[in-house]
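Notes for the one structure printed next.
Residue numbers (mature numbering (1 follows the signal peptide of the UniProt record, and there is no 0)): -29 to -1, 1 to 581.
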């Protein structure tokens, strides 16, 4: 699994990429509009103010514009007022301005009790609900994971690392100089967020944990500062303060201390119990709302945090609670990459997408697009998805494959690079054999005629019969091929392959050919008289009837039942020297046995032995 701080460009089905941290956010991210009565208005924590601003209005992440919840909306919009900036804010059209609420506690204080303000619908909070807030009927929707660490100036007297116990002793006044913990001499200036800050209450609870469960008494040297304001920290080589790792990443102006103190915490959006079933609230903050959706993830990550996983992914995003969230499961999905291979046929394209999930078996589906038009979808099987397109118009086409993981599956979406192919038209073809039934030693002609929607196909065709083939060029879509006369006897599918041209795709066509055995004729030439003591010699010719193809095979010469000679036919001729014949007239029978493609035949001759 990879870090959750990744995002998918184009959201649901785009190329997996590591999101770079956003540039330093604008100093003020208040709504660009004055909220109306039906808008969902929030105030509170400085920690998550940029996250909620991005979720409301969208943000540019790694060069990609990612839409926020308010995109295209004119009502029930998400509004989030910064914690910092001072002055007053107008929460709703026609209402009086109020002092800007600063911090988690100040925001939640407007949701219940004496401070209840019906123009505030939710409060951003970087800490869980306290007992008073629970009694006041508040519920918190967890949505993101932050890590609280210790920050110093980039040029600092502090050492590179600090343990939890050293941090505790710094804040209780037992350690007062950086030289006591291995740093450069300098009086330590411990800082802590203002009262009511969620970061402060969370940090104090961590000091209590480190102190064995007893509340830590802060030293008089501890200075109160605005949470996550780097102004006093970055300018003081002796300063140290608790700081959100997400917020530190956005500004990049402080150094986070390595060592034992690194505390995970959930970030929340807090609402009144009465609003848990409010449709506008649920559409934004619930487990099925925008904040917990895949579309919101890059916006949360751009603000420096990790989106908590939904229930189906083992998490608690959007599940209302009155307790501190301890389930920090996030959308840490395996990064995938999708590769696309396209092959073409006549008027067709076969698309094969391979999804690599780093050794994991990716679960989901692949949608195939031509430009931005979806042309089909296929499920993954063993990391591959295949789509076959037919009826594709001739010309150049560009396709991409977009992998979308199954709901709850721990995988990033990804997109292939575009693959460009040229689709050619199909050529129609006929193959005519003349004759379609012949015999060994006699050739047949194959007339190939190809047609298409436009100009006649050009190029070459090749006809294959058995193990032999001949080729020729098309003229006005036609070629006449002479098949070999030496094709062995049998039944054949004559396969004609068209190589294609600039307009038409390659194609294949067949026709049936029957080759019968050839008839043969045997002639023998032996001397009529053989001298006493000599052996008869002669030649036997075997010819194919109606063909110039030379015969091969064996011939046998008999006198009665006695074999007096054998020979091998080469190029239609066999030369024989017979055994010694009986004195007197010998009636010879010369038999040609034939072959798999030639019928047998015989001839007679008379030889007188002296």
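Glycine included, C-beta positions come from ideal geometry on N, C-alpha and C. For clarity, every value in this text was computed on a predicted model and none was experimentally measured.
Just to confirm, are residue i and residue j a CB contact at a threshold of 8 Å?
i, j, result
"residue 109", "residue 241", "yes"
"residue 526", "residue 537", "yes"
"residue 251", "residue 289", "no"
"residue 115", "residue 123", "no"
"residue 94", "residue 14", "yes"
"residue 294", "residue 173", "no"
"residue 511", "residue 495", "yes"
"residue 358", "residue 322", "yes"
"residue 391", "residue 367", "yes"
"residue 454", "residue 407", "no"
"residue 432", "residue 419", "yes"
"residue 281", "residue 263", "yes"
"residue 484", "residue 552", "no"
"residue 286", "residue 267", "no"
"residue 221", "residue 274", "yes"
"residue 348", "residue 338", "yes"
"residue 416", "residue 465", "no"
"residue 104", "residue 232", "no"
How about residue i: is its Cβ closer than 7 Å to a heavy atom in the ligand FAD?
i, result
"residue 485", "The model on display carries no ligand, and the ligand FAD is accordingly not part of it."
DSSP puts residue i in a beta bridge; with which residues?
i, result
"residue 229", "132"
"residue 2", "In DSSP, residue 2 forms no bridge with anything."
"residue 370", "341, 390"
"residue 195", "163"
"residue 181", "Bridge partners of residue 181: none, in fact."
"residue 443", "432"
"residue 213", "121"
"residue 240", "95, 112"
"residue 559", "530, 576"
"residue 409", "486"
"residue 400", "421"
"residue 547", "509"
"residue 352", "355"
Along the chain, where does the beta strand (DSSP E) that runs through residue i open and close?
i, result
"residue 483", "478 to 487"
"residue 497", "491 to 497"
"residue 28", "Element bounds for residue 28: not the beta strand (DSSP E) but the alpha helix (DSSP H), 20 to 28."
"residue 580", "572 to 580"
"residue 509", "508 to 515"
"residue 205", "Unbroken run through residue 205 is the alpha helix (DSSP H), 202 to 205; no beta strand (DSSP E)."
"residue 101", "Taken as a continuous stretch (DSSP letters only), residue 101 belongs to no beta strand (DSSP E), as it is neither H nor E."
"residue 378", "Unbroken run through residue 378: none, as it is neither H nor E."
"residue 422", "416 to 422"
"residue 463", "461 to 469"
"residue 396", "Residue 396 -> no beta strand (DSSP E), and no H or E assigned at all."
"residue 452", "449 to 453"
"residue 358", "355 to 361"
"residue 15", "11 to 15"
Whole-angstrom Cβ separation of residue i and residue j, contact assumed at under 8 Å?
i, j, result
"residue 74", "residue 168", "4 Å"
"residue 429", "residue 472", "5 Å"
"residue 346", "residue 394", "Rounded, the Cβ-Cβ distance is 13 Å, inconsistent with contact."
"residue 26", "residue 279", "Contact flag wrong, Cβ pair sits at about 14 Å."
"residue 573", "residue 493", "6 Å"
"residue 164", "residue 196", "7 Å"
"residue 133", "residue 152", "6 Å"
"residue 360", "residue 326", "Actually they are not in contact, since the Cβ atoms of residue 360 and residue 326 sit about 20 Å apart, beyond 8 Å."
"residue 324", "residue 372", "4 Å"
Residue i lies in the alpha helix (DSSP H); which residues open and close that run?
i, result
"residue 256", "250 to 256"
Return the chain-ordered ranges of every beta strand (DSSP E) run that is complete within the stretch 104 to 162 and spans a minimum of 3 residues. 109 to 124
Entirely within the stretch 262 to 341 and at least 3 residues each: give me those beta strand (DSSP E) ranges in chain order. 308 to 316, 319 to 327, 335 to 341
Can you list, in chain order, the stretches of the alpha helix (DSSP H) that have 4 or more residues and sit fully within the stretch 25 to 89? 75 to 79
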